[in-house]
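Visitor: So that we are looking at the same thing, I have put the structure below in structure tokens.
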Amino acid sequence: MTSLLNSKVETPCGLVFPNRLVKAAMGEGMADASEPGDKYVQAYSTWGEGTWGGLLTGNVEVSVKYRGSNESVGYRPSPSAATRQKWTRWALASQKDGTPTIVQLVHPGRQCPVKSGERGFFEPSISPSAVPLKLGDGILERVLSKLVFGTPREMAQQDIDQLVQEFVGAAKLCHEAGFKGVELHGAHGYLLSQFLSPKTNLRTDAYGGTAAKRTKIVIDIIRAIRKEVPASFCVGIKLNSADVGGSESLEESLEQVGLIVKEQVDFLEISGGSYENLRVPASDKPAENRSAKREAFFIDYAIAVRARYPKVILMVTGGFRSRAGMVAALESNACDLIGLGRPAVIFPHLPKDVLLNQDVEDKDAVTDLPIVQGGWLVRKLAIKLLNVGVDTVYYVGQIRRMAIGQTPVPPPKA
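No gaps in the numbering here: position 59 of the sequence shown is 262 in our numbering, and each next residue is one more.
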């Protein structure tokens with residue numbers, strides 16, 4: 204089974220993933236004043252030694268003013284020579300053994316908490332429309348939604364133009380630092396996802412009203428980036444599976460995928476979830492409870508995309524926990540690349556040690572991880588975001604262990 208996992212994939216730009224296993228984006232939360240310091244170099248050097256087909260970084264924020272987390276790496280216009288050097292060290296460390304590394308670029312939009320970014324305390328976040336975030340229907344959830352996120356301001360044309368330039372500037376910095384490409388984060392409820400969804404995009408101008416118009420901002424960004432980087436620089440995108448709210452219907456979602464595919468993106472990653480619909484961490488069932496053919500959470504949507512657009516390179520992230528499940532997804536042609544998040548944190552050398560190791564039998568090539576649960580108070584409050592926050596904090600803690608040369612520790616069993 205290892206032969207298929209160990210086969211290469213070449214993207215339209217010419218970038219080659221030497222095997223099918225990609226370390227998916229996971230928030231690192233270790234930035235030094237928005238910059239990637241020594242901890243990023245150490246952590247990505249460790250991943251770079253794991254024989255991954257590719258590495259996707261955690262969120263790199265394109266906006267100084269609006270940020271999802273102040274602990275994330277962020278792009279700042281006109282970076283200094285010292286800043287550029289830090290980015291170059293990060294790129295070199297991750298790719299020292301030849302593993303291509305792609306930087307995930309993001310703008311949080313309405314998922315920008317109070318006090319995140321360089322904006323006034325009472326200044327609202329921005330979104331395609333002034334639709335507030337709704338964490339749930341309970342009283343505490345409504346209060347948290349209002350206090351932490353508030354109601355976003357509808358973006359003006361000037362905001363949209365600036366957004367495009369922020370993505371372009373960040374992509375140029377990534378290329379100049381030596382990274383092999385960028386991935387636009389259009390999933391998980393972040394700003395590009397907000398534009399794509401009719402639930403958060405109520406505009407009636409050129410950026411809303413139809414599935415095609417809601418896709419315009421993504422196309423504008425892709426085209427603008429393409430004008431500023433070489434054709435050999437990889438440009439991919441992460442989108443939500445339709446069944447977790449990316450579009451009102453599967454057909455509209457597939458229409459949007461088609462418009463993006465026409466822009467010759469190098470790969471499309473399918474994931475899911477948002478702050479309002481916390482699908483991924485809350486339902487991470489052990490692999491033995493899912494058939495190998497449907498081990499991944501979003502494989503059915505990937506199959507629908509493949510049927511409509513057979514030539515696009517697809518990566519599916521979320522739920523893969525066994526070699527058998529990964530191979531089954533590849534053999535069925537549902538996807539080309541396997542994205543692994545939490546397993547890649549706990550087992551940074553997972554491809555080399557297990558999945559591509561012919562001495563490890565299929566029955567042993569499994570990486571089930573217990574769900575990280577909050578304490579009794581978190582369970583009592585029954586607010587999904589709090590449980591997910593506990594999960595996120597745990598895995599960030601394990602990445603920080605890697606960053607100081609320590610071994611990550613799997614979550615304890617309940």
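From the three backbone atoms N, C-alpha and C, an ideal C-beta is built for every residue, glycine too. All values reported here derive from a predicted model rather than from experimental measurement.
In whole angstroms, give me the CA-to-CA distance for P303 and D340.
Guide: 43 Å
Visitor: Quick one: Cα of N222 to Cα of F523, how far?
Guide: 16 Å
Visitor: In terms of DSSP beta bridges, what is M518 paired with?
Guide: E472, L540
Visitor: Please classify L559: does DSSP put it in a helix, a strand, or coil?
Guide: coil
Visitor: For the alpha helix (DSSP H) that V464 lies in, which residues bound it at each end?
Guide: Taken as a continuous stretch (DSSP letters only), the alpha helix (DSSP H) holding V464 covers 453-464.
Visitor: Using 8 Å as the Cβ pair cut-off and three pairs as the minimum, do the segment 251-263 and the segment 296-315 touch?
Guide: yes
Visitor: Pick out whichever of P215, G232, V438, D539 has its Cα sitting closest to the Cα of Y598.
Guide: G232
Visitor: Specify, as a first and last residue, the run of the alpha helix (DSSP H) that L387 falls within.
Guide: Here L387 belongs to no alpha helix (DSSP H); instead the beta strand (DSSP E) covers 384-389.
Visitor: What does the alpha-carbon distance come out to for the pair R270 and V276?
Guide: 10 Å
Visitor: Decide if I607 is buried, meaning its Cβ has at least 16 other Cβ atoms within 10 Å, or exposed.
Guide: exposed
Visitor: Could you give the C-beta distance for E458 and A414, rounded to a whole number, given that I count them as a contact under 8 Å?
Guide: 5 Å
Visitor: Give me the Cα-Cα distance between R345 and A505, rounded to the nearest whole angstrom.
Guide: 34 Å
Visitor: What residues in its chain sit with their C-beta under 7 Å from that of E252, if we drop five residues either side in the sequence?
Guide: D300, H552
Visitor: For F220, does the three-state DSSP call read helix, strand or coil?
Guide: The answer is strand: DSSP assigns F220 an E or B state.
Visitor: Tell me, which residues are paired with E534 by DSSP?
Guide: According to DSSP, E534 bridges with nothing at all.
Visitor: Just confirm the distance between the C-beta atoms of G240 and K289, as a whole number of angstroms; I'd bet it's less than 8 Å.
Guide: The C-beta separation of G240 from K289 comes to about 7 Å, placing the pair in contact by the 8 Å criterion.
Visitor: Candidates Q601, Q609, M605: which alpha carbon is nearest P615's?
Guide: Q601
Visitor: Nearest to P282 by CA position, among V460, F324, R545, V267, is which residue?
Guide: V267
Visitor: Cβ atoms of L533 and A227: under 9 Å apart, would you say?
Guide: no
Visitor: DSSP three-state label for Q609, please.
Guide: coil
Visitor: Specify the secondary structure class of I428 as computed by DSSP and reduced to three states.
Guide: helix
Visitor: In chain order, which continuous runs of the alpha helix (DSSP H) of length 4 or greater are located wholly inside the segment 346-420?
Guide: 360-380, 394-399, 414-417
Visitor: Under DSSP, the beta strand (DSSP E) around T191 begins and ends at which residues?
Guide: In the structure as shown, the chain starts at 204 and stops at 617, and residue 191 therefore has no counterpart that could be examined.
Visitor: Cβ of L338 within 9 Å of Cβ of S328?
Guide: no
Visitor: Could you pull the DSSP bridge partners for C437 from this structure?
Guide: C437 is bridged by DSSP to G384.
Visitor: Quick one: grab the DSSP three-state call for E344.
Guide: helix
Visitor: On the DSSP bridge assignment, give the partners of D235 in chain order.
Guide: Partner(s): E238.
Visitor: Quick one: give me the first and last residue of the beta strand (DSSP E) that I305 is part of.
Guide: 304-309
Visitor: R313 and F352 look like a contact to me (Cβ under 8 Å); what is the Cβ gap, rounded to whole Å?
Guide: 6 Å
Visitor: Would you tell me roughly how many angstroms separate the C-alpha atoms of L387 and G439, rounded to the nearest one?
Guide: 6 Å
Visitor: Among R287, A294, A409, T403, which residue has its Cα nearest to the Cα of V385?
Guide: A294
Visitor: Would you list the one or two residues that DSSP bridges to E264?
Guide: G277, V309
Visitor: Quick one: give me the first and last residue of the alpha helix (DSSP H) that A568 is part of.
Guide: Counting along the chain, A568 falls outside any alpha helix (DSSP H), and DSSP gives it neither H nor E.
Visitor: Should L394 and L366 be called a contact, given that it needs their Cβ atoms to be closer than 9 Å?
Guide: Contact flag set, yes.
Visitor: Under DSSP, the alpha helix (DSSP H) around P546 begins and ends at which residues?
Guide: If you look at P546, you'll find it in the alpha helix (DSSP H) that goes 545-549.
Visitor: May I ask you to report which of helix, strand or coil DSSP gives L194?
Guide: In the structure as shown, the chain starts at 204 and stops at 617, and residue 194 therefore has no counterpart that could be examined.
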